[in-house]
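Trainee:
Number of protein chains: 2
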Amino acid sequence: MVTISDIAKIAGVAKSTVSRYLNGGSISETTKKKIENVIAATGYSPNKFAQSLKAKRTNIIGTIVPRLDSFATSQTLIGIDDHLRELDCQMVISNSSQDLKREIENIYSLAKQKVAGIILLATEITTEHLEAFRTVQLPVMLVGQQHDQFHSVIHNDYDAAYELGKYILANGHRKIAYLGVTEKDVAVGIKRKEGFRKAVEEVPGSKVRYFETSFKIEHSIQKVPEILEEFNPTIIVCATDNIALGALKAAHMNRLRVPDDLSITGFGGYEITEITHPSITTAKFYYREAGNLAARNMVKLVNEEEINQITFSRYKILERESVDKLK
Amino acid sequence: MVTISDIAKIAGVAKSTVSRYLNGGSISETTKKKIENVIAATGYSPNKFAQSLKAKRTNIIGTIVPRLDSFATSQTLIGIDDHLRELDCQMVISNSSQDLKREIENIYSLAKQKVAGIILLATEITTEHLEAFRTVQLPVMLVGQQHDQFHSVIHNDYDAAYELGKYILANGHRKIAYLGVTEKDVAVGIKRKEGFRKAVEEVPGSKVRYFETSFKIEHSIQKVPEILEEFNPTIIVCATDNIALGALKAAHMNRLRVPDDLSITGFGGYEITEITHPSITTAKFYYREAGNLAARNMVKLVNEEEINQITFSRYKILERESVDKLK
DNA sequence: CTGAAAGCGCTTACAG
DNA sequence: CTGAAAGCGCTTACAG
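These protein sequence lines are chains A and B, in that order.
Going by UniProt numbering, 113 is the number at position 113 of the first sequence; the sequence numbering is gapless.
Going by UniProt numbering, 59 is the number at position 59 of the second sequence; the sequence numbering is gapless.
(1) Per DSSP, what kind of secondary structure is B:Gly-195 in: helix, strand or coil?
(2) Please list, in chain order, all residues of the same chain as A:Ala-132 whose beta carbon is under 8 Å from its beta carbon, the five residues on each side excluded.
(3) For A:Lys-193 and B:Val-237, I'd like the C-alpha separation in whole angstroms.
(4) Does the beta-carbon of B:Thr-240 have 16 or more other beta-carbons within 10 angstroms, so that it is buried, or is it exposed?
(5) Would you be able to state if there are at least three C-beta pairs under 8 Å between the segment 135-142 of chain B and the segment 172-188 of chain B?
(6) Answer with yes or no whether the minimum CB distance from A:Asn-95 to chain B is below 7 Å.
(7) Chain A beta carbons: is any one of them nearer than 7 Å to that of B:Ile-4?
(8) Using a Cβ cut-off of 7 Å (strictly closer), state whether A:Lys-112 contacts chain B.
(9) Against A:Thr-78, what residues of chain B qualify as contacts under a CB-to-CB distance less than 8 Å, listed in chain order?
(10) So for B:His-129, helix, strand or coil by DSSP?
(11) Three or more C-beta pairs under 8 Å: does that hold for the segment 41-50 of chain B against the segment 36-54 of chain A?
(12) Closer than 6 Å: is that where the CB of A:Ile-35 sits relative to any heavy atom of the ligand GTP?
(13) In terms of residue numbering, what span does the beta strand (DSSP E) encompassing B:Tyr-315 cover?
(14) In this structure, how does DSSP classify B:Ala-295 when only helix, strand and coil are distinguished?
(15) Interface residues of chain B around A:Ile-275 at Cβ under 7 Å?
(16) Looking at the secondary structure, which residues open and close the alpha helix (DSSP H) in which A:Met-141 lies?
(17) Which residue spans inside the segment 203-290 of chain A form an unbroken beta strand (DSSP E) run of at least 3?
(18) Excluding the 5 residues preceding and the 5 following A:Pro-278 in the sequence, name in chain order all residues of the same chain whose CB lies nearer than 6 Å to its CB.
(19) By Cβ distance below 6 Å, which residues in the same chain neighbour B:Ser-152 in space, the five residues on each side in sequence not counted?
(20) Quick check: the Cα distance between A:Asp-6 and A:Ser-26, rounded to an integer number of angstroms?
(21) Would you check if the segment 217-230 of chain A and the segment 155-163 of chain A touch, i.e. whether three or more CB-CB distances between them fall below 8 Å?
(22) Roughly how many angstroms separate the alpha carbons of B:Asn-232 and B:Glu-226, rounded to a whole number?
(23) Suppose the cutoff is 7 Å on Cβ atoms and the five residues either side in sequence are ignored; what does the same chain contact list for A:Ile-317 look like?
(24) So B:His-173 is in the alpha helix (DSSP H); what residue range does that whole segment cover?
(25) So what's B:Ser-52 in DSSP terms, helix, strand or just coil?
(26) How many whole angstroms separate the CB atoms of B:Ile-119 and B:Thr-63, which I take to be in contact at a CB cut-off of 8 Å?
(27) Is the Cβ of A:Leu-121 closer than 7 Å to any Cβ of chain B?
(28) Kindly indicate which residue of B:Tyr-270, B:Glu-128, B:Asn-37, B:Ala-8 has the alpha-carbon position closest to the one of B:Thr-73.
(29) Per DSSP, what are the beta-bridge partners of B:Met-1 in this structure?
(30) Between B:Ala-40 and B:Thr-31, what straight-line distance do the alpha-carbon atoms span, to the nearest angstrom?
(31) According to DSSP, is B:Ser-152 part of a helix, a strand, or is it coil?
(32) Just checking my contact of A:Thr-265 with A:Thr-276 at CB under 8 Å: how many whole Å lie between their CB atoms?
(33) Can A:Gly-117 and A:Gly-291 be called in contact, C-beta distance under 7 Å?
(34) Is the CB-CB distance between A:Ala-251 and A:Leu-262 below 7 Å?
(35) Terminal residues of the continuous beta strand (DSSP E) containing B:Leu-68?
(36) Mind checking if A:Ala-50 is an interface residue toward chain B, Cβ cutoff 7 Å exclusive?
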C-alpha cells in the first residue's frame, strides 16, 4: 500500500505539503504538478482511517430505516445514496426491523462509528429518540415525519389526502370508509386522516366512518370483510397502498368486483399498484426525490449552512381504475 | 471522548494491558476486574479508526447489490445483516443500480474502505469482475450465481425449475410457452430453462416454445400478447415472478381469465404473488436464508476456515391458483 | 502476567 | 509557499 510518505518522498516534498495538496491548502503551481503526477502514477488514495482518526470527522452519513423490505424505504435509500455518491460521501444503512428499541440502539451505534450525521426514516419519535439524539450531538434529518426539534423532509400527507378526498367526492361517493392506522404515526395516522376529513366536511350529506388496522397486508385482508358487513360503503379509502392491496385481495376473495361493487384507493404510489387488476388509484409520493432532498439538506447541515426546518416533497394523485364514477 | 489511555490511568495499569483485555490476551483475574469496572463506569468503547489503522483489518463486510428496489435484494440483505449483527460485524451496502461498470467501481471502492470481505449479489460475472477481484485480493462470496473461481451460495434454480416443470406437466399442460431472460444471467437465464427443459423432455408429446424478455414488468406486459398470438399456449412459465406479474397483467388486459384461459407460473416467491388475483404458483426461494448463509460463510472465509465452494439454498414449489388443472 | 516504546497514516498548528 | 514535529487512539512485538 502506498502512503502519503511515499508520495512525499517520490515527489521530493514534505508529507505536510502533500496533505495540503490533498486538502486544498495553498500550493505553488509547480509542486502541485509534481504531486499530481506522482499520485496519478502510483494510484495513491489516502487511508480513511488515518484521516478520520486525525481529523476527527468523517464523510459518512448514517441512515436508519424501519425496515428494508418496503417500496418506500428502497426508493428513499436510492435517492439518498445517489446524491451522497455525487458528493463523495458514504452512506451507511442501519436497519431497525420495525423495532423501536433497535432503532434507538442504531442511533448510538452510528454515533460510535463517528458518522457526520444521521438521516432517520421516521415512524414515531419517542422520548428515547430525543434523549439519544441529545446525547450523540449529531446533525439529524427526519424523513417522513416532522418534529419541533429536528429538520425534516416530509411528504405532503395532509394536502394529498385532502385532494384525494375531493377527488372521490367529486366522483359521487357519499358512503365512505376510511381505513387508517395508529395515531402514533403522525404522518400516516393523523395527517392523512385529517386532510381527508377536511375534504368530506366540505361536502354535506356524506356518511363517513373511520376504521383502523396495521401496516400489514394480511391484517387489512382480515379487516375489510368486517367493514363491508358493518357499514357496506361504496369505497374504502386506505391510508397506505399496502392496506389498499389487502382490501383489493379481500374484495376478490368475497367475489366483489372492483370498482363496480367496491372502490378502493391508497397512498404511496408503489409500483405494484399499477400492475394489479384493476390498477389502484392512489396519492403518489416521490420517495426518491425525498431521499435526494434529505441527503442534500443533511450535507448542508453538516457544513453548518442554513436550511429550512421543513422541506415538503411532492405528491400527485394518480387516477386509475379502482374508483367507480357514480355520477 | 474517553480513550484507552484514560481507562489505563484510572485503572492504574498500562495501555497495553487494557488493549490485551480488549483483545482477549492473558490477564490476571484481579486486573481484569479492575479494567472491567472502569470500562463499565466510563462507557468506554474503542475508536474503530485507531483500531483499524493499527491492526490493518476491519470487521466490515461489503455487500454489493445490483439494485435496492427488489424483493430478492431486500430479503437477502436482511439475512446478511441479521447474521452479521450477531457477530458484531458491520455491513456496508453498495448499490450498482443495474450498471455493471458501477458494480466494478464498487468492488474497488469497498477495497479502499478496507472491508474484510465482499459479498456480491451477482447477476453476471465478467472478466472485469475477475480482474477487480484479483487486484483487491479480498475474500469474495457470490450469492445467486456460481463461478469456478469463487465461493457461492446459490438457489437451486435447476432443481426448482425441474420440479415446477413436472408439476405443470402433471396438471396436463402440453402446449407450453417458456418466457425466459438473457443467458448472460446463468442462474436465471440458463439453469432455470435447463431444469424446465429436462422436465418436458421426460414427457413425450408436449409442445414447448421458448421466448425471451427482460427482467422488467413492462416488457413482459408487451411480450405476452405476442406469445399468445403466435403460439397460444395453455400456460406461460415465467423465469421470474416479475415476469409472471407482467403476464398476469397482460392476461387481464386481454380479458383472459387466469387460470381458465391461461395459466401462469413464476420463480421467486415474492410476497406480492400471494396477494394478486389469482395468486401465482411459483418456485419460492428463501432469500433471507441465503443471505444468512452467505454472511456465515463470508465470516468463515475471513477467519480462514474451510467452507464448501457451493452452498445450496432451499426452494419450495408453492401451489396456488394460477395453474389450471387440465386433467 | 505486565509495561514501555514504537509506529500505523494521516492532519494541523507553528515557524520560517 | 514549505517543512519539521507532535499527536490522533489504538496494537504489537519485546523485555522483564
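Here a beta-carbon is modelled for each residue, glycine too, at the ideal position from N, C-alpha and C.
Mentor: Working from what's here:
(1) helix
(2) Ile-104, Ile-107, Tyr-108
(3) 43 Å
(4) buried
(5) no
(6) Residue contact with chain B for A:Asn-95: present (Cβ-Cβ distance below 7 Å to some residue of chain B).
(7) Output row for B:Ile-4: interface = no.
(8) yes
(9) In the sequence on display, residue 78 of chain A carries Ile and not Thr. Under the 8 Å cutoff, chain B gives Leu-68, Asp-69, Asn-95, Ser-97.
(10) helix
(11) yes
(12) With respect to the ligand GTP, the structure offers nothing, as it holds no ligand at all.
(13) 315-318
(14) The DSSP-derived three-state label of B:Ala-295 is helix.
(15) Ile-217, Leu-245, Lys-249
(16) From DSSP, A:Met-141 is part of no alpha helix (DSSP H) but of the beta strand (DSSP E) over 140-143.
(17) 207-212, 235-238, 263-268, 281-285
(18) Val-258, Glu-321, Ser-322
(19) Leu-142, Gln-146, Ile-310
(20) Computed Cα separation, rounded: 21 Å.
(21) For the pair of segments examined, the segment 155-163 of chain A was found not to touch the segment 217-230 of chain A: the number of CB pairs separated by less than 8 Å stays below three.
(22) 9 Å
(23) Within the same chain, A:Ile-317 has close Cβ partners Glu-163, Leu-164, Tyr-167, Ala-283.
(24) From DSSP, B:His-173 is part of no alpha helix (DSSP H); its letter is neither H nor E.
(25) helix
(26) 5 Å
(27) no
(28) B:Tyr-270
(29) Bridge partners of B:Met-1: none, in fact.
(30) 14 Å
(31) strand
(32) That belief does not hold up - the Cβ atoms of A:Thr-265 and A:Thr-276 are roughly 13 Å apart, past 8 Å.
(33) no
(34) yes
(35) B:Leu-68 -> no beta strand (DSSP E), and no H or E assigned at all.
(36) yes
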